[in-house]
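Trainee: Just so we're aligned: the sequence shown equals residues 14 to 83 in the working numbering. Sharing a structure, written as structure tokens. Questions coming.
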Amino acid sequence: MTKLPDDFFEVMRDLKAEPSKPISLLELGPPLVGKGHQQEQIADLLFRLEREGVIRLLAGNRFELTKPRG
């Protein structure tokens, strides 16, 4: 199994995510669960990425990138 952060950014590329484009957790979760990641691990990653300023969590089970991955 690959690392969750790598899979997260792969899914973001597949979704053509860019800063200020909201992404639904319903678009993110199934591909990551399909790669063998648990929902709790995904939630932990989202909270960590928010603390690091990479994403902003939004109302309605959505989030957006705040800066491109460098």
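Even for Gly, the Cβ is constructed at its ideal location relative to N, Cα and C.
What are the complete beta strand (DSSP E) segments, minimum 3 residues, inside the region 32 to 62?
Mentor: none
Trainee: According to the neighbour-count rule (16 or more other Cβ atoms, all chains shown, within 10 Å of its Cβ), is phenylalanine 21 buried or exposed?
Mentor: For this step, residue 21 is matched to residue 8 along the sequence shown. Looking at its Cβ environment, which holds 16 or more other Cβ atoms inside 10 Å, phenylalanine 21 is buried.
Trainee: Consult DSSP for leucine 71 and reduce its assignment to one of helix, strand or coil.
Mentor: In the sequence shown, residue 71 corresponds to position 58, counting from 1. Collapsing the DSSP output to three states places leucine 71 in a strand.
Trainee: Count the other CB atoms within 10 Å of the CB of alanine 56; is the residue buried (16 or more) or exposed (fewer)?
Mentor: Residue 56 sits at position 43 when you count from the first residue of the sequence shown. With fewer than 16 Cβ atoms within 10 Å of its Cβ, alanine 56 is classed as exposed.
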